[in-house]
Each structure stands twice: as C-alpha cells, then as structure tokens.
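Under the working numbering, the residues of the sequence shown are numbered 686 to 964, in order.
C-beta: ideal position from N, C-alpha, C; glycine also.
Note that the structure is a prediction, hence the values are computed from the model and not measured.
Report on the following structure.
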Amino acid sequence: MHLTRRTLALAMPATLAALIGATPATPAAPASRPAAAGTDRHDPKPTIVLVHGAFADASSWSGTIRRLQHAGYPVLAPANPLRGLAADTAYLRSVLAAVDGPVVLVGHSYGGAVISGAAVGDSRVKALVYIAAFTPDKGESAAELAAKFPGSTLGGAVNPRAYPLPGGGTGTELVIERATFHRQFAADVPAAEAAVMAATQRPVATAALEEKAGEAAWKTIPSWALIATADKNIPPAAERWMARRAGSHITEVDASHAVAVSRPAVVTHVILAAARATR
C-alpha cells in the first residue's frame with residue numbers, strides 16, 4: 686500500500702475516535718503482575734527503601750544499592766524533601782503506598798526521624814534500620830537530640846540562607862560550607878569525591894531539624910542501628926543512646942557521618958541482617 690502523509694493525517698482522527706469509543710464485547714482477563722526483580726512469589730524479599738538525610742541526596746546510597754541489587758533485593762531510594770518533619774514523613778508514606786509487599790525501611794541521619802514517623806501503622810514495614818541516624822521519641826526534635834551529648838561540630842560548619850515559602854514569606858535552610866564539608870561530613874571519603882558531595886548537597890530547612898516528632902514506629906517494629914564512631918554531625922554517644930533506648934541491634938564502625946559512602950559494605954551488611962531476620 687502507498688499511503689501519503691496527508692492520507693494518514695486525515696485518517697488518524699477517525700481511527701482515534703473509533704479506538705476511544707470502542708468497547709470490547711468481552712473484557713480481557715487481567716495479566717498477572719510479574720514479581721519484582723529479586724523476589725519469590727511464595728516468599729518475597731522485602732523492598733529496601735533508603736531515605737537520605739540532610740546535606741545529602743539519594744546518590745549517597747549508590748554503593749549500598751549496587752550490593753543490595755546484587756543480593757537480589759528490590760531497592761528504592763526516593764528524594765527526601767528536607768523541608769519539614771511532618772511534610773517529609775507524609776511524602777515518604779506516599780512513596781511507601783506505591784510499593785508492593787513487605788518493606789525494610791532505612792534512614793540515614795535526619796532520615797531516621799522520617800522513617801520513624803512514616804512507618805507508624807504500616808504493617809508492611811518489617812524492619813527499621815538507622816544508619817548514623819536520629820531515632821526520636823514523640824516530642825523530640827533532631828536538633829534537641831544532636832545537642833544532648835557533646836561532640837557535634839556541625840554548628841560552626843553550616844551557613845544559613847533564606848528561601849521562599851510556598852504560601853509566602855521566607856524560611857531558613859542550612860548548607861555546609863564547601864571549605865569545611867570534607868572534614869565535617871565525610872572525612873573518610875576521598876577529597877575529590879567529597880568535593881562532588883559538597884557541590885550536590887541538599888540543604889535542610891531549620892524547621893525540619895527543630896520540628897518535634899510524632900509517634901515512634903521503633904516501639905513496635907524491630908530495629909537495627911549502625912553507629913558511626915567518628916561522626917561529627919551527630920555525636921556517636923547520641924546515636925548509641927538512641928539505639929539502646931529503641932532496643933536496636935547495634936553495630937559500630939569507625940566511620941564519618943557519610944558512612945553510606947565510605948563504608949557501603951558495612952551498611953549493606955546491617956541492612957541484610959535486618960531483611961533476613963524478618964523473613
């Protein structure tokens with residue numbers, strides 16, 4: 686057949702109308718949904734959901750993601766908005782709503798506060814994993830917990846700046862000064878890689894760090910914690926105190942706050958321990 690472009694163009698509206706208006710006499714049977722990569726229909730592996738914290742982005746999980754995928758686990762690493770604890774928690778809940786099957790929820794730094802709230806009442810979340818993270822109880826803020834023990838030098842490394850709020854007015858967000866980012870956030874990461882992290886860091890609203898947490902999911906869901914003993918953002922003593930209070934399975938490693946970047950094998954080991962224990 687030799688159809689000109691004009692012939693096709695003239696025929697297209699009628700064809701589309703026919704398709705839109707057509708109703709099949711017998712509905713087709715729905716296709717069965719394929720199992721996610723790395724899952725078994727009878728004993729599915731949980732989806733590992735990785736939530737980054739302040740001054741980072743989802744790429745900070747790259748080394749961990751590769752290892753988890755190699756082990757056959759489906760992985761999701763959403764962008765944490767870092768605008769407010771209640772808002773960030775609500776956003777993570779919307780992400781979890783789109784995940785099929787069981788979930789292991791992992792949070793780094795401020796992301797720990799977010800997962801603690803998002804998992805409340807969600808029976809599909811089988812384990813919580815805190816990576817150099819906040820594990821707040823109801824009524825506690827990240828800022829309050831960071832100041833509970835000495836050791837954080839973050840206050841002298843951040844630069845506040847204004848940003849516009851959706852409803853008008855301005856808020857304040859924090860960034861780590863590029864000149865101090867390496868020693869403050871990622872001292873055990875190669876300098877060139879830390880420079881990239883500094884350039885791509887996600888600012889956190891001060892409101893997110895000061896907002897008090899709601900109910901804590903770690904009270905009803907098993908938890909694991911990795912303590913970074915060279916952390917300069919959250920004092921290791923604070924991480925350890927929160928983990929013990931939550932009854933978490935604790936692992937300690939000599940690493941900076943950017944432990945997911947510098948020690949992804951250790952981070953993966955802790956996550957896999959949680960995933961295997963809850964199957």
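Are the beta-carbon atoms of residue i and residue j separated by less than 8 Å?
i	j	result
Leu770	Gly806	no
Pro920	Phe834	yes
Val791	Pro731	no
Ala940	Ala913	yes
Tyr758	Ala960	yes
Leu968	Val734	In the structure displayed, the chain extends from 686 to 964; residue 968 sits before or after that span and is not available.
Ala945	Ser744	no
Gly902	Ala762	Looking at the sequence itself, residue 902 is Ala, so the reference to Gly does not match. No, they are not a contact pair.
Ala923	Ala842	no
Ala739	Val889	yes
Asp742	Arg925	no
Whose C-beta lies closer than 6 Å to the C-beta of residue i among residues of the same chain, with five residues either side of it excluded?
i	result
Ala827	Tyr795, Ala798, Phe819, Leu894
Ala910	Tyr815, Ala928, Ser933, Ile935
I need the straight-line Cα distance from residue i to residue j, nearest angstrom please.
i	j	result
Ala817	Arg809	24 Å
Asp873	Ser947	6 Å
Val881	Pro875	10 Å
Gly840	Lys917	10 Å
Gly854	Ala962	48 Å
Gly786	Ala864	44 Å
Leu813	Arg752	19 Å
Arg846	Leu859	6 Å
His942	Gly852	34 Å
Arg964	Gly856	43 Å
Over what stretch of residues does the beta strand (DSSP E) that includes residue i continue unbroken?
i	result
Ile800	No beta strand (DSSP E) contains Ile800, which is instead part of the alpha helix (DSSP H) from 796-803.
Ser908	908-913
Gly792	788-793
Leu813	810-816
Identify, in the order they occur along the chain, each residue of the same chain with its Cβ nearer than 8 Å to the Cβ of residue i, setting aside the five sequence neighbours on each side.
i	result
Ala898	Leu770, Ala798, Ser801, Gly802, Pro821, Asp822, Lys823, Gly824, Glu825, Ser826
Ile906	Ala804, Val810, Lys811, Ala812, Leu813
Val784	Thr732, Val734, Leu761, Arg809
So does residue i have its beta carbon nearer than 7 Å to some heavy atom of the ligand GTP?
i	result
Ala817	Absence of the ligand GTP from the depicted structure is noted, as is the absence of any ligand whatsoever, leaving it without description.
Using DSSP's beta-bridge definition, name the partner residues of residue i.
i	result
Arg846	Glu858
Leu735	Val791
Thr865	Per DSSP, none; premise fails for Thr865.
His934	Trp909
Leu761	Val734
Val889	Leu859
Only counting the same chain, and skipping five residues up and downstream in sequence, which positions put a Cβ closer than 7 Å to that of residue i?
i	result
Thr838	Gln869, Lys917
Gly836	Pro920, Pro921, Ala922
Would you give the residue range spanned by the alpha helix (DSSP H) that residue i belongs to?
i	result
Glu980	Coverage of the chain is limited to positions 686 through 964, which leaves residue 980 absent and any answer about it impossible.
Ile956	949-962
Using a Cβ-Cβ cut-off of 8 Å, state whether residue i counts as contacting chain D.
i	result
His737	Here there is only one protein chain, and chain D is not present.
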